[in-house]
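This report refers to the structure that appears directly beneath it.
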Amino acid sequence: MTRIDWRLEVEKRKDALLAMTQEFLQINSVYDETTITKKQPFGKGIDQALAYLLDKAESYAFSVKNIDGYAGKVELGEGEESVGILCHIDVVPAGEGWTSPPFSAESRDGRIYARGAIDNKGPTIAAFFALCLVKELELPLEKRVQLILGTDEERDWRCVEHYFKHEEMPTVGFAPDADFPIIHAEKGIADVLFEWQAEKGAASVLELSSFTAGERLNMVPDRASAEILGERAELDRLERLFRKHLLEQQHNGEAVFAENGRLILIYEGVAAHGSTPESGSNAGVELAAFLAPFSFQEQAVSYLQMITSLFHNDRRGEALGIAMEDQVSGPLTVNSSLFTWNEKEAGFGLNIRYPVTVDGQICLQRLEQKMSEYGAKMVVKDHMTPSYVDAQHPLVRTLQAVYQRQMGEEPTLLSTGGGTYARTLATGVAFGPLFPGRKDVAHQKDEYIEIEDLLKATALYAEAIYELAGGCQKE
Ligand SMILES: [Zn+2]
Numbered sequence: 001m002t003r004i005d006w007r008l009e010v011e012k013r014k015d016a017l018l019a020m021t022q023e024f025l026q027i028n029s030v031y032d033e034t035t036i037t038k039k040q041p042f043g044k045g046i047d048q049a050l051a052y053l054l055d056k057a058e059s060y061a062f063s064v065k066n067i068d069g070y071a072g073k074v075e076l077g078e079g080e081e082s083v084g085i086l087c088h089i090d091v092v093p094a095g096e097g098w099t100s101p102p103f104s105a106e107s108r109d110g111r112i113y114a115r116g117a118i119d120n121k122g123p124t125i126a127a128f129f130a131l132c133l134v135k136e137l138e139l140p141l142e143k144r145v146q147l148i149l150g151t152d153e154e155r156d157w158r159c160v161e162h163y164f165k166h167e168e169m170p171t172v173g174f175a176p177d178a179d180f181p182i183i184h185a186e187k188g189i190a191d192v193l194f195e196w197q198a199e200k201g202a203a204s205v206l207e208l209s210s211f212t213a214g215e216r217l218n219m220v221p222d223r224a225s226a227e228i229l230g231e232r233a234e235l236d237r238l239e240r241l242f243r244k245h246l247l248e249q250q251h252n253g254e255a256v257f258a259e260n261g262r263l264i265l266i267y268e269g270v271a272a273h274g275s276t277p278e279s280g281s282n283a284g285v286e287l288a289a290f291l292a293p294f295s296f297q298e299q300a301v302s303y304l305q306m307i308t309s310l311f312h313n314d315r316r317g318e319a320l321g322i323a324m325e326d327q328v329s330g331p332l333t334v335n336s337s338l339f340t341w342n343e344k345e346a347g348f349g350l351n352i353r354y355p356v357t358v359d360g361q362i363c364l365q366r367l368e369q370k371m372s373e374y375g376a377k378m379v380v381k382d383h384m385t386p387s388y389v390d391a392q393h394p395l396v397r398t399l400q401a402v403y404q405r406q407m408g409e410e411p412t413l414l415s416t417g418g419g420t421y422a423r424t425l426a427t428g429v430a431f432g433p434l435f436p437g438r439k440d441v442a443h444q445k446d447e448y449i450e451i452e453d454l455l456k457a458t459a460l461y462a463e464a465i466y467e468l469a470g471g472c473q474k475e
């Protein structure tokens with residue numbers, strides 16, 4: 001048997017692929033609370049998108065299943081084992097400022113522009129089309145192939161939770177919802193909160209009446225504010241020093257007196273994703289470090305000093321005693337946020353991303369022990385263990401071979417501190433759709449997919465399906 005030219009096979013069907021992609025992108029599949037029913041748990045648009053694909057699949061004689069409106073399954077072939085391809089058909093809200101309407105799926109400059117074009121409806125069609133291609137070519141398969149259609153990836157992942165409660169876990173799988181070549185390691189992610197009861201201490205020259213920074217654990221706080229009471233001369237001095245500090249640090253901020261005579265200091269940092277705290281500037285930590293040397297009440301001083309000693313210029317957990325790293329996924333990172341101090345309560349939260357070969361429980365135990373020195377109560381709000389498929393695993397080796405063959409490029413293995421959809425698979429990796437060097441436009445206005453990339457991805461997915469499902473091409 002001669003080797004199949006996957007790119008050529010896709011090229012022959014290009015018009016149909018583009019037409020289906022555009023049609024699918026024209027369905028507005030944003031979560032819609034107002035149209036939720038028992039049968040459509042995420043609203044009408046998502047349900048329509050799910051129905052669209054399942055109907056298409058049925059018309060091509062695949063076996064299909066709608067899992068209570070939470071997810072869909074399109075299956076091909078027979079066999080004991082299965083290969084899963086995990087996609088999602090929900091999209092984030094369109095937002096403002098688009099050049100062409102976000103659900104028109106306009107084709108221009110070799111791209112298709114639409115909300116969901118790259119994340120994740122375009123790649124979903126690529127995967128579905130790849131499955132159709134394998135079926136059409138009547139290639140022999142030894143395993144079942146399942147296209148799993150999630151509907152709640154952009155919010156709470158309730159789709160996959162429901163799906164895997166009722167349906168089997170594929171033996172191996174991939175999710176086309178991140179980057180090419182292959183992401184095989186995703187760090188563990190723990191969200192942890194620390195709380196204290198604040199007590200009113202003895203009188204002091206300055207009194208910190210409130211300190212706050214950050215709204216989400218997975219973002220570096222870009223704004224911190226402190227409200228301070230005291231004699232006017234002391235407050236004036238503090239205000240002057242703060243302005244000087246901002247100038248020296250070349251940071252934005254504000255110092256204003258409220259009507260009641262309180263001094264309000266606002267420090268502006270730089271926001272960044274919680275998985276890359278070093279690319280931001282943590283406003284909470286910076287403001288705490290500035291305030292810590294001043295003569296506030298004892299309790300406030302301990303709080304500010306603690307924040308400074310634990311987090312100032314330390315985003316790897318050194319001072320917390322949890323710094324660690326491995327070769328596969330790099331160092332543990334810590335993002336601190338949700339800083340709160342007032343007369344009643346004090347606290348902060350951490351978003352910790354630890355290496356894939358580390359036992360998360362040990363890390364959390366060490367953390368709890370360290371923070372007990374400060375009298376803090378620890379609450380683990382969320383914990384996702386790492387996702388990791390060994391570089392020698394047949395899943396990884398097969399996808400690497402496919403990528404190298406078709407792209408002629410080194411199929412480098414990647415690791416990430418972010419959480420991709422692939423981690424919900426027991427043995428799964430992320431495989432595309434964003435090619436190296438391409439701009440990531442997911443969740444942005446004028447989101448698009450390069451038509452060339454859509455074709456390439458379809459060919460890669462088709463061969464991947466064929467190779468993983470046990471077809472074997474002879475040279
Ligand atoms: Zn996505």
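If you read the sequence shown in the UniProt record's numbering, its first letter stands for residue 1, the second for the next number, and so on.
Every residue gets a Cβ at the ideal spot worked out from N, C-alpha and C, and that includes glycine.
Any non-hydrogen atom of ligand 1 closer than 7 angstroms to residue i Cβ
i           : result
residue 179 : no
residue 421 : yes
residue 119 : yes
residue 88  : yes
residue 153 : yes
Alpha-carbon spacing of residue i relative to residue j, whole angstroms
i           : j           : result
residue 247 : residue 177 : 43 angstroms
residue 377 : residue 211 : 19 angstroms
residue 22  : residue 5   : 25 angstroms
residue 94  : residue 116 : 9 angstroms
residue 28  : residue 355 : 38 angstroms
residue 464 : residue 292 : 57 angstroms
residue 296 : residue 266 : 17 angstroms
residue 470 : residue 216 : 45 angstroms
residue 461 : residue 64  : 20 angstroms
residue 374 : residue 342 : 17 angstroms
residue 87  : residue 149 : 5 angstroms
residue 13  : residue 132 : 11 angstroms
residue 253 : residue 241 : 13 angstroms
residue 467 : residue 346 : 56 angstroms
residue 118 : residue 398 : 24 angstroms
residue 198 : residue 278 : 30 angstroms
residue 97  : residue 314 : 38 angstroms
residue 369 : residue 445 : 45 angstroms
residue 412 : residue 143 : 27 angstroms
residue 154 : residue 123 : 15 angstroms
residue 408 : residue 92  : 34 angstroms
residue 476 : residue 436 : Limits of the chain in this structure are 1 at one end and 475 at the other, which puts residue 476 out of reach.
Beta-carbon proximity check, residue i vs residue j, cutoff 8 angstroms
i           : j           : result
residue 275 : residue 185 : no
residue 351 : residue 191 : yes
residue 366 : residue 321 : yes
residue 187 : residue 417 : yes
residue 209 : residue 227 : yes
residue 25  : residue 89  : no
residue 83  : residue 170 : yes
residue 332 : residue 319 : no
residue 419 : residue 173 : no
residue 105 : residue 458 : no
residue 372 : residue 219 : no
residue 47  : residue 72  : no
residue 360 : residue 334 : no
residue 477 : residue 452 : Since the displayed the chain opens at 1 and closes at 475, residue 477 lies outside it and no answer follows.
residue 45  : residue 55  : no
residue 182 : residue 392 : no
residue 264 : residue 270 : no
residue 193 : residue 234 : no
Enclosing alpha helix (DSSP H) for residue i [first to last residue]
i           : result
residue 197 : Element bounds for residue 197: not the alpha helix (DSSP H) but the beta strand (DSSP E), 188 to 197.
residue 122 : 121 to 136
residue 467 : 451 to 468
residue 17  : 14 to 25
residue 160 : 158 to 166
residue 401 : 394 to 407
residue 111 : From DSSP, residue 111 is part of no alpha helix (DSSP H) but of the beta strand (DSSP E) over 111 to 113.
residue 271 : Careful: residue 271 lies outside any alpha helix (DSSP H) and carries neither H nor E.
N- and C-terminal bounds of the beta strand (DSSP E) containing residue i
i           : result
residue 150 : 144 to 150
residue 106 : 106 to 108
residue 139 : Here residue 139 belongs to no beta strand (DSSP E), and DSSP marks it neither H nor E.
residue 268 : 263 to 268
residue 339 : 333 to 342
CB contact check: residue i to chain D, cutoff 8 angstroms
i          : result
residue 57 : The structure shown has no chain D; it contains just one protein chain.
So within the region 283 to 319, which uninterrupted beta strand (DSSP E) runs reach at least 3 residues, ignoring any that extend past its ends? none
Which runs of the alpha helix (DSSP H), 4 residues or longer, sit entirely within the region 42 to 87? 44 to 59
4 or more residues per run - each alpha helix (DSSP H) lying fully within the region 347 to 387: 360 to 372
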